[in-house]
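This report concerns only the one structure given below.
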Amino acid sequence: MRAAWRVADVRAAERALMATLPAGTLMQRAAGGLAGHCARLLAERGGGVYGARVLLLVGSGDNGGDTLYAGARLAGRGAAVSALLLAPERVHQGGLAALRAAGGRIVDGLPDRADLVLDGIVGIGGSGGLREPAARLVAGLPGLTGRSGDRPPVVAVDVPSGVEVDTGDVPRSVGLPSTVTADLTVTFGCLKPALVVGPAAPRAGRVELVDIGLGPWLRGTPAVRVTEWSDVSDWWPRLGPEEEKYSRGVVGLATGSATYPGAAVLSVGGAVAGPTGMIRYAGGARAEVLRRYPSVVAADRVTEAGRVQAWVCGSGLGTDDAAATELRCVLAAPVPVVLDADALTLLVDGSMAERLRERDAPIVVTPHDREYARLCGEPPRDRVAAALQLATWMNAVVLLKGDRTVVATPDGQAFANPTGTPALATAGTGDVLAGLLGSLLAAGLPAERAAAAAAYLHGLAGQEAARRGPVVAADVAAALRRVIARLPR
27 MRAAWRVADV RAAERALMAT LPAGTLMQRA AGGLAGHCAR LLAERGGGVY GARVLLLVGS
87 GDNGGDTLYA GARLAGRGAA VSALLLAPER VHQGGLAALR AAGGRIVDGL PDRADLVLDG
147 IVGIGGSGGL REPAARLVAG LPGLTGRSGD RPPVVAVDVP SGVEVDTGDV PRSVGLPSTV
207 TADLTVTFGC LKPALVVGPA APRAGRVELV DIGLGPWLRG TPAVRVTEWS DVSDWWPRLG
267 PEEEKYSRGV VGLATGSATY PGAAVLSVGG AVAGPTGMIR YAGGARAEVL RRYPSVVAAD
327 RVTEAGRVQA WVCGSGLGTD DAAATELRCV LAAPVPVVLD ADALTLLVDG SMAERLRERD
387 APIVVTPHDR EYARLCGEPP RDRVAAALQL ATWMNAVVLL KGDRTVVATP DGQAFANPTG
447 TPALATAGTG DVLAGLLGSL LAAGLPAERA AAAAAYLHGL AGQEAARRGP VVAADVAAAL
507 RRVIARLPR
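In structure tokens:
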């Protein structure tokens, strides 16, 4: 599992590492890795490094130095490298000298043509978004043309300039852009939160990590960990020859209603894709569920459903008195529960706070941003901090849904999901996610692993469904089974 680290931790690790190395070694490692990734990108785009026109946008400090030294290496391989200095009086002098010695030149404004642009304006020490004249220069980048006549790719150096590095937030702006939007970000030593969470993450494009030897010097707790396929594979329950339907886990779903039967069908579809051996359904859509999934054991109410190892409650349940009664019954069960959609709405007035406090078994809540705001009263600008705050307040694992879904635990752990896709922004996909999550809990996974794995696989299913055309929630449920089939058994 990869990890992203806060700026203060990165700076401390850099200082400790640099104390053991000759001066300039760390910058040369970074520049060498950056130049290598730029060369590969130019080769992917056709034509390679020789003769390519490379534009460097250079700010002050070490980030500008990394950019200049990388430009010097590209110039040494035959690229025509130009540097636009945004703060000439504070430019990294060693990097500037190296660029000039390699044949690079200094320019006063944006050229008409470029095959590659390096964003070395602001590094991890920046905050508050781009300011003039940088914002105006970045606004002009789409007007450049490259070898093929298309816009040249932009490579961000360490992080896209202007993003809030520790939170992944993007400063609001009117007119001119507040951040760079990159096609590739080459980051040094470790991931940073802005590359994996929040609205900044999509602006990083593809992220490549250059190992500069920083790992052993990072101390403390990462800001956020990033789930990977290998993690999900390791966590996934393995089937033995002695397994039967009850030992694999039984998941109960109190979802859907006569008004919203589709939510029941979709949540059951998510559970069917999971590892449990049996599904019990309780609610007003039993006829629709049985028509689609005849193996499900269905009842009208939670109290009639029988024993389960985990409950999923809320998707399409409604918010009337009958729905509140079902939620209370679910919370009274001594098993892990997933609270989604309408169940969260029923919690807003605080009337069930005592039942939540009385529970010993794990709770996972799955709000999107608007539901989070109803629970906490403010929109989550810092998504990791917001999820951690709610996790502490509710003593629950929080799965804060979004393009970069965040999973947070009451003891301060946070996980970011890298597989999210805008294709999942359609009605019913959250119902599928809730069903899968409940199945993982019933199979015995700890709540934080179940939430992280469910978000990861749900994202992959959304990606796979999107490759076949416009996505509806039923497509995601079907794709989920194909994705999970690739896991080791």
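Residue 252 in my numbering sits at position 226 of the sequence shown, and the numbers go up by one each step.
Yeah, the Cβ is synthetic: ideal placement off N, Cα and C, and Gly gets one too.
The model shown is predicted, which means the values in this text are computed figures rather than measured ones.
### Message
Rounding to the nearest angstrom, what Cα-Cα distance links Asp501 and Ala511 in this structure?
### Response
16 Å
### Message
Quick check on Ala61: buried or exposed, where buried means 16 or more other Cβ atoms within 10 Å of its Cβ?
### Response
buried
### Query
Start and end of the beta strand (DSSP E) containing Glu330?
No beta strand (DSSP E) holds Glu330; DSSP gives it neither H nor E.
### Task
Return the residue from the list Ala505, Ala453, Ala140, Gly50 that minimises the CA-CA distance to Leu170.
Ala140
### Message
Let me make sure I understand the geometry here. Which of Gly74, Val75, Leu110 has the alpha-carbon closest to that of Gly90?
### Response
Leu110
#### Entry: Supposed close pair Gly234, Val212 - CB separation, criterion 8 Å
Sequence check: residue 234 is Glu here, not Gly. The pair is a contact, with the Cβ atoms about 5 Å apart (cut-off 8 Å).
### Beta-ladder partner(s) of Ile238, from DSSP
Answer by DSSP bridge pairing: none, since Ile238 is not bridged.
### Query
Which residues bound the alpha helix (DSSP H) around Ser108?
First-last for Ser108: 106 to 111, but that is the beta strand (DSSP E), not the alpha helix (DSSP H).
### Message
Strictly under 8 Å for the Cβ-Cβ distance: is Gly454 near chain D by that measure?
### Response
This model lacks chain D altogether, as it is built from one protein chain only.
### Boundaries of the alpha helix (DSSP H) in which Gly522 is found, first to last residue
Look at the range of the chain in this structure, 27 to 515, and you will see that residue 522 is not part of it.
### Task
Count the other CB atoms, across all protein chains shown, that sit within 10 Å of the CB of Ser204; report buried if there are 16 or more and exposed otherwise.
buried
### Message
Using only the alpha-carbon positions, how far apart do Pro114 and Tyr482 sit?
### Response
45 Å
### Query
Taking contact to mean at least 3 C-beta pairs separated by less than 8 Å, is the segment 132 to 146 in contact with the segment 78 to 96?
yes
### Task
Mind checking which residues open and close the beta strand (DSSP E) that includes Ile132?
131 to 133
### Task
Go through its chain and collect everything with a Cβ distance to Gly215's Cβ below 6 Å, but skip five positions before and after it.
Ile238, Leu240
### Task
Going by CA-CA distance only, name the one from Ala417, Leu67, Ile150, Ala348 that's closest to Arg383.
Ala417
### Query
Quick one: Cα of Ser153 to Cα of Leu221, how far?
15 Å
### Task
Please list, in chain order, all residues of the same chain as Ala492 whose beta carbon is under 8 Å from its beta carbon, the five residues on each side excluded.
Thr447, Ala449
### Query
Counting along the chain, where does the alpha helix (DSSP H) carrying Tyr398 start and finish?
395 to 402
### Message
Can you find the residues in the same chain that come closer than 6 Å, C-beta to C-beta, to Val391, ignoring five residues on each side of it along the sequence?
### Response
Leu365, Ala422, Val424
#### Entry: CA-to-CA distance, Gly428 to Gly470, given in whole angstroms
26 Å
#### Entry: Range of the contiguous beta strand (DSSP E) that encloses Ala211
Correcting the residue type first, residue 211 is Thr in the shown sequence and not Ala. Residues 210 to 214.
### Query
Is the segment 472 to 482 touching the segment 247 to 255, taking contact as three or more C-beta pairs under 8 Å?
yes
### Query
Ends of the alpha helix (DSSP H) at Trp419?
409 to 420
### Residue closest to Val334, alpha-carbon to alpha-carbon, out of Gly340, Gly73, Ala359
Ala359
### Task
Measure how close the beta-carbons of Leu217 and Leu144 come, nearest whole angstrom, since I'm counting them as under 8 Å.
That belief does not hold up - the Cβ atoms of Leu217 and Leu144 are roughly 20 Å apart, past 8 Å.
### Message
Looking at Gly282: is its Cβ nearer than 8 Å to the Cβ of Gly309?
### Response
yes
### Query
Where Leu401 and Thr345 are concerned, what is the direct C-alpha to C-alpha distance, given to the nearest angstrom?
15 Å
### Task
Please report the residue range of the beta strand (DSSP E) in which Val356 lies.
First-last for Val356: 347 to 358, but that is the alpha helix (DSSP H), not the beta strand (DSSP E).
### Task
Compute the Euclidean distance between the alpha carbons of Gly231 and Val361, then round it to the nearest angstrom.
41 Å
### Task
With a 10 Å radius around its C-beta and 16 neighbouring C-beta atoms as the bar for buried, classify Ser377 as buried or exposed.
exposed
### Message
Rounded to the nearest angstrom, what separates Tyr319 and Val298 at their Cα positions?
### Response
9 Å
### Task
With DSSP as the reference, please indicate the residues paired to Thr171 in a beta bridge.
Arg139
### Query
Looking only at its own chain, which residues have a Cβ that is under 7 Å from the Cβ of Pro248, when we skip the five neighbours before and after it?
Ala29, Ala30, Trp31
### Task
Verify whether the separation of the beta carbon atoms of Gly188 and Val236 is less than 8 Å.
no
### Task
Sort Glu352, Ser341, Ala284, Lys271 by Cα distance to Ser321 and report the nearest one.
Lys271
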